[in-house]
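For any residue, its number in the numbering used here is found by taking its place in the sequence shown, counting from 1, and adding 1.
Note that beta-carbon positions come from the ideal geometry of N, C-alpha and C, so glycine has one too.
Please read these numbers as outputs of a predicted model, since none were measured by experiment.
Reviewing the structure listed below.
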Amino acid sequence: MTTILLIRHAVNDFVKTGKLAGWTMGVHLNEEGCAQAEALGARLAEAPLDQLYASPIERTMETAAAIAAHHPQLSVQANEEIGEVRYGDWQGKSIAELSRRKMWAVVQEYPSRAVFPEGESMRGVQSRIVDAIEALVRRHPNQLIALVFHADLIKMTLAHYLGMHLDVFQRIVISPASISTLQLGHSRPFIVNMNDTAHLQALKPARGKTDEQSLRDGEAQ
């Protein structure tokens, strides 16, 4: 049985711009995010990791690097198949502007029917991430692998293996620098834990809203 750690990247300041980040380059962890990543790395320091993959953008690669710092035998392997949703011409746009578009309501209420202009469909994104995870399981049987990527993709993954419809996937909460654990063998999947943030409890809470929200909440990821 292969065990997969589904890890969300730590926080950054792009959310404060009120724009949708997507694949925007140059989005780095902020001070709080670096502290979260360090705590995450310490939490996994004794984990017998066999492989470490990350979405190939700065905020995910930086989070993964904090894990790799405790595992000198591993390198962070960038994997586009676990990359962020491709929002097409929505990327970089202000949430205030996007919320006035007809597609906004579809994204919020019926994501299974949502297609981003010049970008991906939400159903396509879920298929992409599930296919990527299944491919990694075939490549690394009976290993412990860590994937550092994005909230909505983690939610879509968990929804799929829980047998939930995509239209209700936003009921799942995935916090920055959290760990969710999935086990896949020859038969049924097992969700071992979801949104584990025990390693962050010692960090001093920041004032105001610091948790990057999903597109459903009108903010970038």
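Option in the options with minimal Cα separation from residue i
i: Thr1; options: Glu82, Thr182, Val86; result: The requested residue 1 does not occur in the structure, where the chain is confined to residues 2 to 222.
i: Leu6; options: Val149, His161, Asn31, Thr198; result: Val149
i: Ala170; options: Leu183, Pro190, Pro142, Glu110; result: One point to set straight first is that residue 170 is Phe, not Ala, in the sequence displayed. The shortest C-alpha separation from Phe170 is found at Glu110.
i: Gln74; options: Ile58, Ala55, Ala46, Ser56; result: Ala46
i: Arg129; options: Ala115, Arg60, Gly84; result: Gly84
i: Leu204; options: Leu30, Ile8, Leu21, Ala40; result: Ala40
i: Val193; options: Gln202, Ile180, Met104; result: Ile180
i: Asn196; options: His10, Gly23, Met2; result: His10
Bridge-paired residues (DSSP) for residue i
i: Lys20; result: Ser95
i: Ile192; result: Leu183
i: Leu148; result: Leu7, Tyr54
i: Ala79; result: Ala55
i: Val116; result: Ser122
i: Leu30; result: Asn13
Straight-line Cα distance separating residue j from residue i
i: Arg250; j: Arg189; result: There is no way to answer for residue 250, as the model of the chain reaches only from 2 to 222.
i: Ser76; j: Lys156; result: 26 Å
i: Met62; j: His151; result: 11 Å
i: Arg114; j: Leu167; result: 10 Å
i: Ile183; j: Met2; result: Per the sequence shown, the amino acid found at residue 183 is Leu instead of Ile. Approximately 10 Å, taken between the alpha carbons.
i: Val108; j: Gly19; result: 18 Å
i: Ile173; j: Ser95; result: 25 Å
*Would you be able to state if there are at least three C-beta pairs under 8 Å between the stretch 64-82 and the stretch 157-167?*
Inter-segment contact for the stretch 157-167 and the stretch 64-82 is absent: fewer than three beta-carbon pairs are separated by less than 8 Å.
*If you pair each beta-carbon of the stretch 49-58 with each one of the stretch 141-148, do three or more pairs fall below 8 Å?*
Flag = yes, the stretch 49-58 and the stretch 141-148 touch.
*asked:* Quick test of the definition: if touching needs 3 or more C-beta pairs under 8 Å, does the stretch 132-141 touch the stretch 32-44?
replied: The stretch 132-141 makes no contact with the stretch 32-44; the number of CB pairs closer than 8 Å stays below 3.
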